[in-house]
Amino acid sequence: MPSGRRIAVLKERAAGETRVSASPETVRKLVALGASVAIEAGAGVRASIPDDDYRAAGAVIGDAAEVVAGADIVFGVQGPEPDLLAGVKPGAWIVAALDPFARRARIEAYAAAGLEALAMEFMPRITRAQTMDILSSQSNLAGYKAVLAAADVYGRAFPMMMTAAGTIAAARVFIMGVGVAGLQAIATARRLGAQVSATDVRAATKEQILSLGAKPIFVENVAGIEGEGTGGYATEMSEEYQKAQADLVSSHIARQDIVITTALIPGRAAPRLITDAQIATMKPGSVIFDLAAPQGGNVEGTVADQVVEKHGVTIIGFSNTPAHLPADASALYARNLFNFLAAFWDKDAGGPVLDAEIGDAIRLTRDGRIVHERLLA
33 MPSGRRIAVL KERAAGETRV SASPETVRKL VALGASVAIE AGAGVRASIP DDDYRAAGAV
93 IGDAAEVVAG ADIVFGVQGP EPDLLAGVKP GAWIVAALDP FARRARIEAY AAAGLEALAM
153 EFMPRITRAQ TMDILSSQSN LAGYKAVLAA ADVYGRAFPM MMTAAGTIAA ARVFIMGVGV
213 AGLQAIATAR RLGAQVSATD VRAATKEQIL SLGAKPIFVE NVAGIEGEGT GGYATEMSEE
273 YQKAQADLVS SHIARQDIVI TTALIPGRAA PRLITDAQIA TMKPGSVIFD LAAPQGGNVE
333 GTVADQVVEK HGVTIIGFSN TPAHLPADAS ALYARNLFNF LAAFWDKDAG GPVLDAEIGD
393 AIRLTRDGRI VHERLLA
C-alpha cells in the first residue's frame, strides 16, 4: 500500500448494532500518525458521537461511496458487506470482527475481490497484543451489562438490607465461566451486594474467583484443565468431567437467584451448561442471563434477543450485549483498532506493516484466496 493511507469508517448496518469503529479520540491519533480518515455520515449517532465531533478531530464526512473511494483500510465493528466496498484500493485491508465461521460466504467474497481481511477477534492473547484485543474489551462490558440486565428483571433487591420492617436477604448469584466476562460479572454482582459463587473448567481460575470475594464451585474428584486452553480460552472437557460438573451444577443451581453463563468455544456452538430439568429446580422469579446466546446458548431454551420464561424462571440472551452500552463499547473498540495500527505503523512505509506472529494469526484472505489455516482445515 502506498503512503498517505486513507482509512474509511462505515456506518454499521447489522440489526441491533449500535457501535462504531472510530471515535474522535482515535481519529485525532490516526491523523497524527499521517493517515487521512473518512467517516460515513451518521456512523456514530447511535454511540452518541455527532458528525461534527469527527470533523473537529480531522475526519472528512461523506456518504458510503465517497468514504470507501480510494480507501487503503476499512474499519468496521462487524465486517462490511462486499457490495459496500466498491472503489477501495486493490489489496485494501478490512479490519473488523469478521465472524468467519458463520459468515464464510462473505470471507470468500472478500478474497474474490482481492481484499485482505483481518479478523480482529482472532487476535492472539499474548502480552503485546492485549491493547488490541477486541474480545477482552467487549467482554468486560458484556459481563457488567449481563448483571445489570438480570438485576433489572429480578424482582428483589441484590444486597442484604436490614430495616425496621425486617431483613432482606442478599441475592445469590452464580457465574458459570470465569473468563473476562465472567470476572467482570463477579465484580459487578459483588459491588451490588450479592452473595456470589462461580465455576469454570480451568482449575487456575479458583484463585481469581477468591480474589474477587466470591466462592469457587469446582468439581473436586475429576481433573479439569490446569491453566488455560489454547489461546487463553477453555477447551472442551471429557465426558467424565462434563457429567461431574452437571451433577455439581444441579445441586448448586437450585439455590441461586441469578445465574450468568459465559462459556464459549471459538468456532463451535456454545456448550450446553444448563438443561431444562435444571431450570425446573430453580425458584420462581429467578433469572438466567445467557451471554452465549449468539452461538446457540449455554441454556436450554435460550432465544437470542428474547426474554422467555420457563418453569417460572426468566431467561435473557442478548445477541450483542456490548451494543447495549454503545458509547463505552465504541470507545474501547476504537482504541483497540488504533492500538493495532499504531503498533505496526512504519513511518518509512507510510502505514502499518504486520509481522508474522500477528499477521498470520488474524489474516483470513490475501492475493485473492483464503489463507488462514483454521478456514482451510
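Counting from 33, one number per residue, gives the positions in the sequence shown under the numbering used here.
Positions of the beta carbon are idealized from the N, C-alpha and C atoms, including for glycine.
Bear in mind that the values here come from a model prediction, so they are computed numbers and not experimental data.
Contact between residue 325 and residue 313 does not hold, since their C-beta atoms are separated by about 22 angstroms, which reaches or exceeds 8 angstroms.
If you draw a straight line from the Cα of residue 194 to the Cα of residue 167, it comes to about 40 angstroms. With a threshold of 16 other beta carbon atoms within 10 Å, residue 80 falls short and is exposed.
A straight line joining the alpha-carbon of residue 367 with that of residue 374 spans about 10 angstroms. Taking a C-beta distance under 9 angstroms as the contact criterion, residue 129 and residue 152 qualify as a contact pair. About 6 angstroms separates the beta carbons of residue 348 and residue 185, which is inside the 8 angstroms limit, making them a contact pair. Listed in chain order, the non-local C-beta contacts of residue 291 below 6 angstroms within the same chain comprise 206, 320, local neighbours out to five positions each way being set aside. For residue 38, no alpha helix (DSSP H) segment is defined; the enclosing uninterrupted segment is the beta strand (DSSP E) at 38-41. Taking all protein chains shown into account, residue 385 has fewer than 16 neighbouring C-beta atoms within 10 Å of its C-beta and is therefore exposed. According to the DSSP assignment, residue 244 belongs to no alpha helix (DSSP H), since it is labelled neither H nor E. In the pairwise beta carbon analysis, the stretch 355-362 is classified as not touching the stretch 376-384: fewer than three pairs are separated by under 8 angstroms. If the five residues before and after residue 74 are omitted, its C-beta is found closer than 8 angstroms to the C-beta atoms of 43, 83, all from its own chain and listed in chain order.
Checking the DSSP bridge columns, you'll see residue 68 partnered with 38. When the beta-carbon positions are compared, residue 91 and residue 70 come within less than 9 angstroms of each other.
Under the three-state reduction of DSSP output, residue 148 falls in the strand class. Cα atoms of residue 125 and residue 37: separation of roughly 11 angstroms, rounded to the nearest angstrom. In the three-state scheme derived from DSSP, where H, G and I count as helix and E and B as strand, residue 316 is classed as coil. Note on geometry: alpha-carbon atoms of residue 244 and residue 147 lie some 44 angstroms from one another. Counting the other CB atoms within 10 Å of its CB gives residue 329 a total of 16 or more, which places it among the buried residues. In the structure shown, residue 370 adopts helical secondary structure according to DSSP, grouped into three states.
The C-beta distance from residue 136 to residue 114 rounds to 13 angstroms, too long to meet the 8 angstroms contact threshold.
For the 9 angstroms CB-CB criterion, residue 145 and residue 175 do not form a contact. Remark: C-beta atoms of residue 150 and residue 394 approach each other more closely than 9 angstroms. For residue 228, no alpha helix (DSSP H) segment is defined; the enclosing uninterrupted segment is the beta strand (DSSP E) at 227-231. Distance check between residue 208 and each of 197, 228, 189 places 228 closest, using alpha-carbon atoms only.
Straight-line measurement puts the Cα of residue 250 at about 8 angstroms from the Cα of residue 233.
Bounds of the alpha helix (DSSP H) holding residue 272 are 271-285. In the three-state DSSP reduction, residue 194 falls in the strand class (E or B). The alpha-carbon separation between residue 331 and residue 311 amounts to approximately 9 angstroms.
Bounds of the alpha helix (DSSP H) holding residue 406 are 405-408. For the 9 angstroms CB-CB criterion, residue 40 and residue 77 do not form a contact.
When DSSP states are grouped into helix, strand and coil, residue 45 belongs to the coil group. An exposed status is given to residue 316, since fewer than 16 other beta-carbon atoms sit within 10 Å of its beta-carbon. Residue 143 and residue 399 have their C-alpha atoms some 7 angstroms from each other. In the three-state reduction of the DSSP assignment, residue 61 falls in the helix class.
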